[in-house]
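Chemist: A single structure is presented below for examination.
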Amino acid sequence: MKRTSLGELEELILLIIAVIKDEAYGVPITQMLEKETGRTVDFSTIHTTLKRLEEKGFVKSAMGGATEERGGRRKRYFTITTFGYKALRESQEIRMRLWSLVPLKMNVKSI
Amino acid sequence: MKREPNSYAPPAWAEALLRWRCPPEVLEEVEGDLRELYTYWSENFGEREAQRRYIISAVKLQRPFLSSRKTASHPLILKDMINHYLTTALRNITRSKSFSVINIAGLAFGLACSLVILLWVLDEVNVDKFHANDKVLYRVYLKQLYDGQVRADYNTPASLPAELKKAVPEIERATGFVKYFRLSLQDDIYESFSVGDTVVHKMKGSRAEPDFFSMFSYKLLYGKAETALSSPVSLCISKKMAEMFFGSASAAMGRAVRFDGRKDLLVTGVFEDVPFNSSDQFDYLMNWDDWVLENPFKQSWGHFGTSSYLQLRPDADPVMVEAKIKDFLRKYLTENDSWMSSNKRIELGLQPYSDQYLYSTFEEGRPVSGRILYVKLFIGVGAFILVIACINFMNLATARSIKRAKEVGVRKVVGSSRVHLIYQFMGEAILITFFAVLLSLLVVFLLLPAFNLLTTKQITIPLQQPVFYLFLLGLIGVTGIVAGSYPALFLSSLQPVRILKGSFQFNFWTAFFRKGLVVFQFVLSMLLLISTVVISRQTDYVQNKNLGYDRENVLYIPIEGELISKYPLFREEASRLSGVKMVDRSSQFPHAMSFRLDAVEWDGRDGNSVINFALSSVGYDFVKTMDLEIVEGRAFDRNIKSDSTGFLANEEAIRQMGFKDPVGKQISVFGKKGTIVGVLRDFHTNTLHQAIDPLVLDVKEHLDFGTILVRTEKGRTKEAIAGIENLYKHLNPEHAFNYTFMDERYGLLYKSEQIVSKLSNVFALLAIAISCLGLLGLAIFSAEQRRKELSIRKVLGASIGNIVMKFSKDFLTLVVIALTIAVPLAWLMMTDWLSQFAYRIELAWWIFALAGVIAIMISMLTIGAQAVKSAFENPVRNLRSE
């Protein structure tokens, strides 16, 4: 079977989940993405992406932790799986390798 | 502007929106997350922005955007699959071209037939339905009850409508209408009109009362509906007639028109040409009362000769009104005892106006049948043909399934569900039906002109009406699903292991079902075939039966205008013209004497019995002109003075009168006394639907109505007509010369039978052709299935003849089974149809035998080719693999 690829948004969200670790659910993920990238992304897009990541096996999720400010509704916590971690590493390695091949004295203007 | 975290809450309606169609399994987390985010957004970007973002997310989380992963597959894959199905379907169609052609063409012809029939049926059913008052318009019919019998028709007294309107409050409007001037001459009314000195035109028209245009929706272009017919000199004409005389409709109003060369009328109304789907056709209408005044006998309550149309109040109950008017005529007819006596009664009945076109034949005194029989018949035929075409499609598709079984096997192994396979095959069937419908539209388009000519209709494909497209869609859907159901259900049920292992065989029940379909199909075709043979033979019989007189080379010319007084001169002059053999006259058309009355008296007659005699007044040379046979006595003789009170009677009349030695016996007709001078051999005085009536003829050469009979010499008719036209113009200049041929008029009596006969010929041929396509498909299928078996037989020494026999036998058995079912059914159906004719052909055994032989021959030809092809195949080729 073909390796499932990691889209850009997927990669960012996966990284954020890895960063937040135990407290990763919809709200902090949205907030962090907004803060770190400076762009606004619909919540629905993030929701769909999270679902997709779970389907592909990069994250797993569990329900829990109802609070008052959510009107007593539970959160869905996401944690990164080993497979997801490996995929992140791989993606980073590819970038690193490619960066190492970029000539050092590159004239940016000539591109 | 910081507030307590809890004070920010998304509006209730936005939350409701989210809950509306958000997949329930994620609703809880999503709602919670969005609530938290709402607070966060409100604090950072303001509540307005928070609301905006909340709503965007809420909308995007709705189901169509957020597909639930648990049920649907990826949208991209769905699209790919549809593409794939389409490709497979198209490849299958193009791969076996002959098969697809058989399939699509068969279905297309079936559909085209059904479409044409449907258009015809719609046209028939919609006749007279265009009147805005349709629901409250009624036609009166009149029942005569005597001797335990009931005779009913639409002829009523001329004063009836006006009198009914006065007496019955539920009747809002009423009008009389004239269909024929003389019941004895059931002839459409054509009268002469002229403007100035030169233009004379004969137009078709009638008389009606002032309510007419308010009751019916014939559109008046000029003139007022209430008053257009109220003056004695009123004349309402159609747009066509106005253009004929005055160039345009607007120029016609108020102008004078000379009628019949004797009376000046004023145009008081111009109406839009009467639409084709109206059962009353007329180009002009004239004042009613004036016409009744001119014809005093129409004033009598005992004279039944015109139609009465009524418009009831919207709240009136027609059943109540009918009960009210049932005995209405009693008080008007009591003065004349013979109308209402202990054993004779006259009653009135009501029929919705728009029903009278389809239901105009009376049984037991009620209008219960008529053209509706043909409508039903053709609906049946249309359904038959469609079913045959669908069965065909099923059979061919199943036959091909052997080729596609492997495809199904592979699909199933790869993971296709049964539902998907059903969709696929149904879809293919619908696709093919779609092509067939397109093709059938083309066929209908090409066929309609011929069909219109045959049925004298103006049917077009209703391309402007959205309903028509809906109907086509429905037809595609239903036909596709019906035709595709069997292959879809059957193929999808196959077990992949068995198919792919190669041990795939149809079991007994599938074979039984498929053979059952073929038998059913052939039963239907045989029914059509036998009916066709019987109907066309009966039509032939009717057309060619010896009627007892010679109907060839006889012209009818109406007696009107100055011809009434100048008839003797006309007769003398015309007889001398070259090409003319003989000239005579009759008060009734001799080929269709529909006027019958109990008006003959003789000594010793039983006063209580009712015998309706056909009565006609003729000229002296009638017997010779008609070429009738005299059994006893002699014909009328101009030179014997007493013959002016003489009578001729036919054998049937003599039999009913009970005379042993009729010549010289005294009888009286309408009070006119005289002796019987001769007895005529029975000849047919009416359609062959009816038995020969007792007939009494007398001589009257001065009547102001009737028809002139001109017998021309064979082959010189043209010459004779030219001479007569000249003479006519000279003697009767105010009238346009027109004539008809007796044999043509006779043919018109059987118009509907002729149409049915021609149509059933076409439909039967088509049905058989389509059935044979089905048989061909099955033969191909069987040849494919039994290839190895037949090869082995050949290797073991079977001759070509053996194999062909072996192969054909199975199919012929089916055809023979179909025959044994179809023959008794057809016999019943045809006996029923023939029973409406008093004179009819025998249902000879050979008709059925012929149909059987034709069916077997055609199927032999169809199968034979396949059989021979299989027999000649090289067995090595078929047995090599494996």
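Note that the protein sequences, when read in sequence, are chains F and C.
Each residue of the first sequence is one higher than the one before, starting from 0 at the first, in numbering that gives the first Met the number 0.
Each residue of the second sequence is one higher than the one before, starting from 0 at the first, in numbering that gives the first Met the number 0.
Every residue, glycine too, gets a C-beta built ideally from N, C-alpha and C.
1) Using the three-state DSSP reduction, which class does C/R417 fall into: helix, strand or coil?
2) For C/M525, is the classification buried or exposed, using 16 other Cβ atoms within 10 angstroms of its Cβ as the cut-off for buried?
3) Tell me where the beta strand (DSSP E) around C/R172 begins and ends.
4) So, at 8 Å on beta carbons, what are the nonlocal neighbours of C/V29 in its own chain, with the 5 sequence-adjacent residues on each side left out?
5) Going by DSSP, name the residue or residues bridged to C/S237.
6) For C/M319, tell me which candidate among C/G348, C/G645, C/F450, C/G414 has the shortest Cα-Cα distance.
7) Is C/P366 near the ligand GDP, going by C-beta to nearest heavy atom under 7 Å?
8) What are the residues that DSSP puts in a beta bridge with C/N286?
9) Using a Cβ cut-off of 9 Å, which residues of the region 65-79 of chain F contact any Cβ in chain C, in chain order?
10) CB-CB under 8 Å to C/E724, same chain, minus the five flanking residues each way: which ones, in chain order?
11) Mind listing the chain F neighbours of C/V29? Cutoff is C-beta to C-beta under 7 Å, in chain order.
12) Given a threshold of 16 other Cβ atoms within 10 Å of its Cβ, counted over all protein chains shown, does C/H701 qualify as buried or as exposed?
13) Going by CA-CA distance only, name the one from C/S205, C/Y283, C/A248, C/Q423 that's closest to C/N82.
14) When you compare the region 680-691 of chain C with the region 610-630 of chain C, are there three or more beta-carbon pairs, one atom per stretch, that lie closer than 8 Å?
15) Using the three-state DSSP reduction, which class does C/N545 fall into: helix, strand or coil?
16) Are the C-beta atoms of C/S56 and some chain F residue less than 8 Å apart?
17) To the nearest angstrom, how far is it from the Cα of C/V533 to the Cα of C/M829?
18) Below 8 Å between beta carbons: does that hold for C/H590 and C/R550?
19) For F/D41, decide whether its Cβ has a neighbour in chain C, counting only Cβ atoms nearer than 8 Å.
20) In the DSSP output, what is C/E631 paired with across the bridge?
21) Are C/K757 and C/L372 close, meaning C-beta to C-beta below 8 Å?
22) Can you tell me whether C/P649 is buried or exposed? The criterion is at least 16 other CB atoms within 10 Å of its CB, across all chains shown.
23) Using CA coordinates, which residue listed in C/E271, C/K201, C/S233 is at the minimum distance from C/F215?
24) Report, in whole angstroms, the separation of the C-beta atoms of C/G381 and C/L110, which I expect to be a contact under 8 Å.
25) Using a Cβ-Cβ cut-off of 8 Å, state whether F/A25 counts as contacting chain C.
26) Cβ atoms of C/V177 and C/T305: under 8 Å apart, would you say?
27) With a cut-off of 8 Å, do at least 3 Cβ pairs link the region 781-801 of chain C to the region 489-499 of chain C?
28) Starting from the Cα of C/P351, find the closest Cα among C/D133, C/N801, C/K805 and give me that residue.
29) Quick check on C/S72: buried or exposed, where buried means 16 or more other Cβ atoms within 10 Å of its Cβ?
30) Give the range of the beta strand (DSSP E) segment to which C/W300 is assigned.
31) How would you label C/L136, buried or exposed, when you count the other beta carbons within 10 angstroms and need 16 or more for buried?
32) Name the DSSP bridge partner or partners of C/W119?
33) Less than 8 Å separating the beta-carbons of C/F780 and C/A398?
34) Relative to the C-alpha of C/R839, which residue among C/D703, C/K544, C/R254 is closest?
35) Could you work out which residues of chain C lie near F/P29, taking near to mean beta carbons separated by less than 7 Å?
36) Taking only runs of the alpha helix (DSSP H) that begin and end inside the region 87-175 of chain C, which ones reach a length of at least 4 residues, in chain order?
Modeler: On the basis of the supplied data:
1) Residue 417 of chain C sits at position 418 when you count from the first residue of the second sequence. Here DSSP, grouped into helix, strand and coil, assigns C/R417 to helix.
2) Residue mapping note: residue 525 of chain C aligns to position 526 of the second sequence, counting from 1. By the 10 Å Cβ count, C/M525 comes out buried.
3) Looking up residue 172 of chain C in the second sequence gives position 173. Looking at the DSSP string, the run of the beta strand (DSSP E) that includes C/R172 is 170-176.
4) If you number the second sequence from 1, residue 29 of chain C lands on position 30. Excluding residues within five positions, the ones whose Cβ falls inside 8 Å are L17, C21, L60.
5) Residue numbering aside, residue 237 of chain C sits at position 238 when the second sequence is read from its first letter. Answer is C/F270, bridged to C/S237.
6) In the second sequence, the residue the question calls residue 319 of chain C occupies position 320. If we check each option's Cα against that of C/M319, C/G348 comes out closest.
7) The ligand content of the structure shown is nil, which means the ligand GDP is not present either.
8) As a first step, residue 286 of chain C is located in the second sequence; it is residue number 287 there, counting from the start. Beta-bridge pairing links C/N286 to C/A207.
9) A65, T66, E67, E68, R69, G70, G71, R72, R73, K74, R75
10) As a first step, residue 724 of chain C must be located in the second sequence, where it is residue number 725. The answer, listed in chain order, is F736.
11) For the purposes of this step, residue 29 of chain C is taken as the residue at position 30 of the second sequence. By Cβ distance, chain F contributes H46.
12) Here residue 701 of chain C refers to the residue found at position 702 of the second sequence. Exposure of C/H701 is indicated by the presence of fewer than 16 other C-beta atoms within 10 angstroms of its C-beta.
13) Position 83 of the second sequence, counted from the start, is the residue given in the question as residue 82 of chain C. Ranking the options by Cα distance to C/N82, first place goes to C/Q423.
14) Verdict: yes, contact present.
15) Taking the second sequence and counting its residues from 1, one reaches residue 545 of chain C at position 546. Note: C/N545 maps to coil in three-state DSSP.
16) Locating residue 56 of chain C in the second sequence gives position 57, counting from the first residue. Interface residue (Cβ-Cβ distance to chain F less than 8 Å): C/S56 is classified as such.
17) Position 534 of the second sequence, counted from the start, is the residue given in the question as residue 533 of chain C. Position 830 of the second sequence, counted from the start, is the residue given in the question as residue 829 of chain C. Taking the straight line joining both Cα atoms gives about 7 Å.
18) On the second sequence, position 591 is the one that residue 590 of chain C refers to. On the second sequence, position 551 is the one that residue 550 of chain C refers to. Yes, Cβ-Cβ distance for C/H590 and C/R550 is below 8 Å.
19) Numbered from 1 along the first sequence, position 42 holds the residue referred to as residue 41 of chain F. With 8 Å as the cut-off, F/D41 counts as an interface residue toward chain C.
20) In the second sequence, counting from the first residue as 1, residue 631 of chain C sits at position 632. Among the bridge pairs identified by DSSP, C/E631 is matched with C/V678.
21) Translated into the one-based positions of the second sequence, residue 757 of chain C becomes position 758. Translated into the one-based positions of the second sequence, residue 372 of chain C becomes position 373. In this structure, C/L372 does not lie closer than 8 Å to C/K757 by Cβ.
22) Numbered from its first residue, the second sequence carries residue 649 of chain C at position 650. One point to set straight first is that residue 649 of chain C is Asn, not Pro, in the sequence displayed. So C/N649 counts as buried.
23) Along the second sequence, one-based indexing puts residue 215 of chain C at 216. Nearest of C/E271, C/K201, C/S233 to C/F215, Cα basis: C/E271.
24) The residue you call residue 381 of chain C lines up with position 382 of the second sequence. The residue you call residue 110 of chain C lines up with position 111 of the second sequence. The Cβ separation is near 10 Å, so there is no contact.
25) As a working note, residue 25 of chain F is residue 26 in the first sequence. Checking the sequence shown, residue 25 of chain F turns out to be Gly, not Ala. Answer yes: the Cβ-Cβ gap between F/G25 and chain C drops below 8 Å somewhere.
26) The sequence position of residue 305 of chain C within the second sequence is 306, counting from 1. The sequence position of residue 177 of chain C within the second sequence is 178, counting from 1. Result yes, Cβ atoms of C/T305 and C/V177 sit closer than 8 Å.
27) no
28) For the purposes of this step, residue 351 of chain C is identified with residue 352 of the second sequence, where counting begins at 1. The shortest C-alpha separation from C/P351 is found at C/D133.
29) Counting from one through the second sequence, the residue named residue 72 of chain C turns up at place 73. In this prediction, C/S72 has a pLDDT of 45, which is less than 50 and means its spatial position is unreliable; nothing more can be read from the coordinates.
30) For the purposes of this step, residue 300 of chain C is taken as the residue at position 301 of the second sequence. Premise fails: C/W300 is in no beta strand (DSSP E) and is neither H nor E.
31) Walking along the second sequence from the start, residue 136 of chain C turns up at place 137. Under this definition C/L136 is a buried residue.
32) What you label residue 119 of chain C is simply residue 120 of the second sequence in a count that begins at 1. Partner(s): none; C/W119 has no beta bridge.
33) By one-based count along the second sequence, residue 780 of chain C stands at place 781. By one-based count along the second sequence, residue 398 of chain C stands at place 399. Yes, the pair counts as a contact, with Cβ atoms nearer than the cut-off.
34) Numbered from 1 along the second sequence, position 840 holds the residue referred to as residue 839 of chain C. Nearest of C/D703, C/K544, C/R254 to C/R839, Cα basis: C/K544.
35) In the first sequence, residue 29 of chain F corresponds to position 30, counting from 1. Sequence inspection shows Thr at residue 29 of chain F; the Pro mentioned does not correspond to that position. Neighbours of F/T29 on chain C, chain order: L36.
36) Taking 4 residues as the shortest admissible run, the region 87-175 of chain C contains the following complete alpha helix (DSSP H) segments, listed from N- to C-terminal end: 96-124, 159-166.
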